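Residue numbers (this note's numbering): 10 to 181. Where a beta carbon is used, it is the ideal one built from N, C-alpha and C, also for glycine. Values in this document were obtained by computation on a predicted structure and should not be read as measured data. Shown next, in structure tokens, is the structure this report addresses.
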């Protein structure tokens with residue numbers, strides 16, 4: 010199993026070969042792209058790609074301290090419009106999370122794929138997600154999590170992944 014390498018940090022490239030990946034996966038797709046010599050560009054300007062993918066009972070185990078289990082998703086994508094009516098649920102170190110997956114455009118006209126979650130986490134759940142906080146956090150709070158990835162749309166450049174976490178955590 011290899012994590013998308015082109016714009017991920019070096020540490021993800023290294024760990025991607027050590028992952029244990031389990032679960033059921035089904036994808037149907039349709040593609041049409043020009044054959045231009047030695048170059049094959051399935052996301053190029055004259056290419057079409059659409060897919061529908063589902064995952065159930067998925068699991069990614071990296072170490073004793075980091076696991077993503079109970080992965081379930083339904084993704085619908087086409088390289089002209091992006092992701093629509095898509096979601097992913099999972100447990101990160103046994104803490105349940107749900108993400109909406111959609112293609113968005115920002116103020117600078119940059120299109121991206123966003124995995125967006127609004128959750129309430131207790132201090133115990135925060136410690137499970139990020140063990141270095143163990144014993145340092147008390148209370149609970151709302152969390153807004155957004156993972157921003159490339160849009161994978163025709164004619165748009167790739168962007169570096171970005172993770173944003175905002176919280177109203179109180180009683181620290």
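Can you tell me whether residue i is buried or exposed, with buried defined as 16 or more other CB within 10 angstroms of its CB?
i: residue 34; result: exposed
i: residue 50; result: exposed
i: residue 95; result: buried
i: residue 36; result: exposed
Measuring CA to CA, which of the options is closest to residue i?
i: residue 165; options: 144, 149, 90, 133; result: 90
i: residue 120; options: 92, 176, 144; result: 92
i: residue 258; options: 138, 115, 150, 140; result: In this structure the chain extends from 10 to 181, so residue 258 is not present and cannot be described.
i: residue 163; options: 131, 54, 80, 139; result: 54
i: residue 114; options: 49, 108, 160; result: 160
i: residue 78; options: 94, 98, 63; result: 98
i: residue 32; options: 47, 66, 62, 58; result: 66
i: residue 73; options: 82, 28, 108, 61; result: 28
i: residue 64; options: 75, 71, 70, 81; result: 81
Looking at the ligand ZN, does it come within less than 8 Å of residue i, judged from the CB to the closest heavy atom?
i: residue 82; result: Of the ligands one can find in the structure shown there are none, so the ligand ZN has no counterpart to examine.
For residue i and residue j, which I take to be in contact (beta-carbon distance under 8 Å), what is that distance rounded to the nearest angstrom?
i: residue 101; j: residue 135; result: Their Cβ separation, rounded to whole angstroms, is 11 Å, which puts residue 101 and residue 135 out of contact at 8 Å.
Worksheet item: Are at least three pairs of beta-carbons, each pair with one atom in the region 139-148 and one in the region 35-42, less than 8 Å apart?
Response: no
Fill in: Completely contained beta strand (DSSP E) runs for the region 45-72, where each covers 3 or more residues
57-72
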